Amino acid sequence: MNTFNLLVVVCLAYALLLFAVAALTEQAARRGKLRWARSPLIYTLSLSIYCTAWTFYGAVGYAARSGLEFMTIYVGPTLVIIGWWWLLRKLVRIGRMQRITSIADLISARFGKSNGLAIGVTILAVVGTTPYIALQLQSVTLSFDAFALSQERSGFGASAFWVAFGLAFFTIIFGTRNLDVNERHHGVIIAIAIEAVVKLIALLAVGGFVVWGLSDGVDDILARIDSSPIAHWDVRPGRWSALIFLSAAAFLCLPRMFQVLVVENSDERHLRTASWAFPGYLILISLFVLPIAVVGLDRLPAESNPDLFVLTLPLAAGQDGLAILAFLGGFSSATSMVVVASLALATMVSNHIVMPIYLRMISGSGASVSGDVRDVVLFARRFSVAAVVMLGYLYYSLSGGGTALAAIGLVSFVGIAQVLPVLIGGLFWRAATRIGALAGLSLGFVIWGYSFFLPSFGPDVVFSSQVLLEGPFGIQALRPQALFGITGLDPLVHAVVWSISLNTLAFVVGSLMTFPTPIERLQGAQFVNVFDHSAGPRAWTAASAQSEDLMIMAQRILGPKQALSLFHNEVREQTGRPGRPGDLPVPTPEFVGKLERELSGSVGAATAHAMVSQIVGGSSISVQELMAVADETAQIIEYSDRLAMQSRELEKTAAELRTANSKLTKLSVQKDAFLSQISHELRTPMTSIRAFAEILRDGGDLEPHDTARYASIIHDESIRLTRLLDDLLDLTVLENGQVNLNIRRGMLNEALEQAVITAASGEDGHRIKVRRDANSEAVELSTDFDRLAQVFINLISNARKYCDARVPELTVAVQAEEDTVTLDFYDNGTGIAPEARDLIFEKFARMNTQRAGGAGLGLSICRQIMMRLGGDIRFIASDSGAHFRVRLPKDGQTA
Amino acid sequence: MSLPNPRFLQRQTYRRRRRADAARILPTLGLALMLVPLLLQTSTNATLDVPAARTSMVALFVFAVLAGLSVVSFFLARAMARDEKEGPANLATSLQERETDI
Chain A
19 MNTFNLLVVV CLAYALLLFA VAALTEQAAR RGKLRWARSP LIYTLSLSIY CTAWTFYGAV
79 GYAARSGLEF MTIYVGPTLV IIGWWWLLRK LVRIGRMQRI TSIADLISAR FGKSNGLAIG
139 VTILAVVGTT PYIALQLQSV TLSFDAFALS QERSGFGASA FWVAFGLAFF TIIFGTRNLD
199 VNERHHGVII AIAIEAVVKL IALLAVGGFV VWGLSDGVDD ILARIDSSPI AHWDVRPGRW
259 SALIFLSAAA FLCLPRMFQV LVVENSDERH LRTASWAFPG YLILISLFVL PIAVVGLDRL
319 PAESNPDLFV LTLPLAAGQD GLAILAFLGG FSSATSMVVV ASLALATMVS NHIVMPIYLR
379 MISGSGASVS GDVRDVVLFA RRFSVAAVVM LGYLYYSLSG GGTALAAIGL VSFVGIAQVL
439 PVLIGGLFWR AATRIGALAG LSLGFVIWGY SFFLPSFGPD VVFSSQVLLE GPFGIQALRP
499 QALFGITGLD PLVHAVVWSI SLNTLAFVVG SLMTFPTPIE RLQGAQFVNV FDHSAGPRAW
559 TAASAQSEDL MIMAQRILGP KQALSLFHNE VREQTGRPGR PGDLPVPTPE FVGKLERELS
619 GSVGAATAHA MVSQIVGGSS ISVQELMAVA DETAQIIEYS DRLAMQSREL EKTAAELRTA
679 NSKLTKLSVQ KDAFLSQISH ELRTPMTSIR AFAEILRDGG DLEPHDTARY ASIIHDESIR
739 LTRLLDDLLD LTVLENGQVN LNIRRGMLNE ALEQAVITAA SGEDGHRIKV RRDANSEAVE
799 LSTDFDRLAQ VFINLISNAR KYCDARVPEL TVAVQAEEDT VTLDFYDNGT GIAPEARDLI
859 FEKFARMNTQ RAGGAGLGLS ICRQIMMRLG GDIRFIASDS GAHFRVRLPK DGQTA
Chain B
4 MSLPNPRFLQ RQTYRRRRRA DAARILPTLG LALMLVPLLL QTSTNATLDV PAARTSMVAL
64 FVFAVLAGLS VVSFFLARAM ARDEKEGPAN LATSLQERET DI
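Here it is in structure tokens:
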């Protein structure tokens, strides 16, 4: 079996190994046994996707062309990570607190969840990353070809396609298996960590072989460097510092770096380990670059590609095994980069571009789609992964893969570095606004595209060489690589200086001139002061502790019995045997999701999510969630308010019913009393009528005057009966309001005069002197005079009947006011006993039964009449005599 | 349990803050050192008195600086990890309790 076939077999076996490891890890993750997979070491190794095939192959080529300048690519990230305390710690904390899923998500979240910004960053990332993916495919193809050439085999032009296909497949399988709130992909991270080790070992092995195999140790290598074409220190200061800046910016802003640095970070403290371990890794991986370049320049033919020295040196020396290892290292670098980059980009594309469009499209139908969305998101992810990788492949096949590897990488770096001003500003400057961010990003993007990205295709591809030399339309100030007429800058430095400085300027000025929205201000405070708003790093909590916490919370909300049965059912499902008391289920994502749904039935979805994520995710609650919680709380408050109102209404109704009931009871008692009273009143005269009628019928020998006397008694009693019945009828009519009043104009004194005459003509009672004042009585009224006279007659008759003075005297005083007339009737008797005063207006109330002439309905009738006439009659309590006061309106309106 | 010496505690937190300062300063120092190669004489403007720097020498310098930074960072990280372990452990547990007490 020749080396090339062996290479293919090893490659496939390696891919299978990665698949297996990723699959096993995912399985372990589902069982909750992930402690080892989330160690600081794995985190540090995962950061090594910074070192792509560019680093692996390209750095040597870079060194062969430009000497030590390649080191700047490692210096930037080293400075960033040893400064973790200042920047990365904050970034990671924010990422966890806000559940950030990508760099676009971070920028969008900081500036008030602006999806416009997210789309901008996503586009920038896609445009910046596509060449980078193409670069990886190119490196794999080149390395394949290197073997093919050495074996006199035809080149494998199609290899790039199959590599792209395989990578997309791997990413879809392990990167989009499920939707994790935190966007962590355990299988992918472990695979990357393994690849990190493989590429390091491969480069160290080749380096070791070069230093101690092809040369005579360190001293010899140093001597070789001194005698090589790159022996002299020909630093280009502009490029040197610009590249340090760029690599630092790229380390923070590249989507794939952000993914492993922030999104996949499970514990803030891992940064601490990475702060020294990652620089160590970088030192090791860059240690032998210079020796390999120098030895390659020395030993290999001048026309050989320095980008492939890592591969061609062992091949030329006949070390096929080492060459295959080197190939695997390069393969690892390329694959890990493509996997994570496409994953990160797919997250951004699906979250910020595909899903908003999809949701807008279906929102027209109005259907609630909480169930379907998961599938849609997953599909969008998978589609985006495939699209991103294929885009890279397209770029590779269209560009022809001619340019030096490092150049493409730098174009990407400058592109993605445009995010840096907005990122840093957003983290440290509260006044940064969305408009400012948009302005800065757009301007930076445009300048980068114009001055670096488009010219990078070479003259006469996008820009004609004439435009490059003389500017569009001959405007010198707009020459893509000499903006504002300033020449003499290296194209890279030129692009970095202008794009970053104008980007920052637009961002700052835009922020100063605009006003942030409330949510921007809130998010700004959350980001800038993240350490005030969050607790310290949470320890890795044991699964049992989480389950206990969940159990306690569930008990409080669902009630102990229901919570217990929920947890027991889960234990049974997880272990396949009935749960014993004290058994707690492993808090798998499925179970936590189920629990959250159960809780949301009781406390609302947002509250449930906030509570569960407090325990499980260790992440704090975002502003959106708080608002949702507030909404739910408001709904609950409103509901309970409504309940309280309803119960108040019910209470009121009940009280009214009680009052009505007691009134009815009283009325019924009154009715009974009235009936017994009336039968008694009717019975008395009837008894005497019957008795005397029987005497007249039976006794034939009665004296004539006796007969006449008995007959007159019968007659009197009949009259009394009739009067009683008349009064009753009168009262009934008055009380029912069926009375017809005969309102007319007339003089008060006439009514009084008539009443006095009528009352005086009655037989019973004493004579009484009535004192009146004629002047005051001359009042003109409009009322029912017959009824009014009836009242007066009653009052005067009462005085005649009950006044017990020796010389009875009744005074009638009239006082006319503007609309009313008041008449006072008072006599000089002893008056009415205090205990009887409350009763005088009641029916059948009589002061004293012996002297009773009437039925005791008089004052009742008076009161009813006065009510009908719109006035009233009251008893005035006084020491001397009985005193009644009658008030009536001058205008006889009826009540 | 006897009360801890307050002066000792204060000293400890003071040390801790200074370690954080060091962690902040370290990248600045690193950057400054990394810009030193720019000051070196290049082959184009080398004079007889000051010959041009050699790539091998600068490479040694750069690697030494990187290694130095890494080592300092290692000791800083270890000290910080120790701080955290000795740190307010009971505060952490009370936080834990508070979080379940929703």
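Line by line, the protein sequences give chains A and B.
What the first sequence shows, in our numbering, is residues 19 to 913, in sequence order.
What the second sequence shows, in our numbering, is residues 4 to 105, in sequence order.
The beta-carbon is built from N, C-alpha and C at its ideal position, and this holds for glycine as well.
This one's a predicted model, so the numbers in the text were calculated from it and none came from an experiment.
TODO: Give me the Cβ distance between residue 514(A) and residue 432(A), rounded to the nearest whole Å; I'm assuming they're in contact under 8 Å.
DONE: 6 Å
Task: Three-state secondary structure assigned by DSSP to residue 203(A) - done: coil
Task: CA-to-CA distance, residue 191(A) to residue 609(A), given in whole angstroms - done: 23 Å
Open item on the list: Below 8 Å on the Cβ atoms is my contact criterion, and I expect residue 210(A) with residue 301(A) to pass it. Report the Cβ-Cβ distance as a whole number of Å.
Closed with: Their Cβ separation, rounded to whole angstroms, is 20 Å, which puts residue 210(A) and residue 301(A) out of contact at 8 Å.
Open item on the list: For a contact defined as C-beta to C-beta under 8 Å, what are the partners of residue 57(B) on chain A?
Closed with: 243, 244, 249, 250, 251
Open item on the list: Which of the three DSSP states is assigned to residue 756(A) in this structure?
Closed with: coil
Open item on the list: Within 8 Å of any Cβ in chain A, is that where the Cβ of residue 65(B) sits?
Closed with: yes
Open item on the list: Check whether chain B comes within 8 Å of residue 297(A), counting only Cβ atoms and requiring the distance to be less than that.
Closed with: yes
Open item on the list: Distance cutoff 8 Å, beta carbons only. Does residue 275(A) sit that close to anything in chain B?
Closed with: no
Task: Selection from 213(A), 265(A), 541(A) that minimises the alpha carbon distance to residue 350(A) - done: 213(A)
Task: Within chain B, partners of residue 89(A) - CB distance below 7 Å - done: 65
Open item on the list: Does the structure place the segment 61-79 of chain A close enough to the segment 214-233 of chain A that three or more beta carbon pairs sit under 8 Å?
Closed with: yes
Open item on the list: To the nearest angstrom, how far is the alpha carbon of residue 697(A) from that of residue 704(A)?
Closed with: 10 Å
Task: Supposed close pair residue 363(A), residue 345(A) - CB separation, criterion 8 Å - done: About 26 Å; that fails the 8 Å criterion.
- [ ] May I ask you to report which of helix, strand or coil DSSP gives residue 845(A)?
- [x] strand
Open item on the list: Pairs of beta-carbons, one from the segment 453-470 of chain A and one from the segment 512-526 of chain A, closer than 8 Å: are there three or more?
Closed with: yes
Task: Inter-stretch contact at 8 Å, needing at least 3 Cβ pairs: the segment 700-719 of chain A / the segment 729-747 of chain A - done: yes
Task: Own chain, CB closer than 8 Å to residue 858(A), minus 5 neighbours either side, in chain order - done: 850, 865, 877, 893
- [ ] With 8 Å as the threshold, decide whether the Cβ of residue 20(B) is near any Cβ in chain A.
- [x] no
Open item on the list: Taking a contact to mean a Cβ-Cβ separation below 8 Å, would you say residue 764(A) touches residue 799(A) in this structure?
Closed with: yes
Task: Chain-ordered neighbours of residue 27(B) on chain A, where CB pairs are closer than 8 Å - done: 101, 103, 104
TODO: Would you kindly work out how many angstroms separate the C-alpha atoms of residue 86(B) and residue 24(B), rounded to a whole number?
DONE: 14 Å
Task: Neighbouring residues, chain A, relative to residue 35(B) (Cβ below 8 Å) - done: The contacting residues do not exist; residue 35(B) stays about 10 Å from chain A at best.
Open item on the list: Using CA atoms only, rank isn't needed, just tell me which of 415(A), 331(A), 299(A), 122(A) is closest to residue 310(A).
Closed with: 331(A)
Task: Contacts of residue 85(A) in chain B (Cβ-Cβ under 8 Å) - done: 58
- [ ] State the DSSP-derived secondary structure class of residue 444(A), mapped to helix, strand or coil.
- [x] helix
Open item on the list: By the 8 Å beta-carbon criterion, what residues does the segment 214-235 of chain A contribute toward chain B?
Closed with: none
Open item on the list: Can you check whether the C-beta of residue 93(A) is within less than 8 Å of a C-beta belonging to chain B?
Closed with: yes
Open item on the list: With a threshold of 8 Å between beta-carbons, can residue 62(B) be considered close to chain A, or not?
Closed with: yes
TODO: Starting from residue 16(B), find everything on chain A with Cβ-Cβ shorter than 7 Å and list it in chain order.
DONE: In chain order: nothing, as chain A lies at least about 14 Å away.
- [ ] Answer with yes or no whether the minimum CB distance from residue 80(B) to chain A is below 8 Å.
- [x] yes
TODO: Determine, using beta-carbon pairs with one atom in the segment 91-111 of chain A and one in the segment 61-74 of chain B, whether at least three such pairs fall under 8 Å.
DONE: yes
- [ ] Express the C-alpha separation of residue 285(A) and residue 172(A) in angstroms, rounding to a whole number.
- [x] In this prediction, residue 172(A) has a pLDDT of 46, which is less than 50 and means its spatial position is unreliable; nothing more can be read from the coordinates.
Task: Own chain partners of residue 74(A) with C-beta closer than 7 Å, once the 5 adjacent residues on each side are dropped - done: 217, 221, 328, 347, 348, 351
Open item on the list: I need the straight-line Cα distance from residue 40(B) to residue 92(A), nearest angstrom please.
Closed with: 15 Å
Open item on the list: For chain B, check one thing: does any of its Cβ atoms lie closer than 8 Å to the Cβ of residue 255(A)?
Closed with: yes
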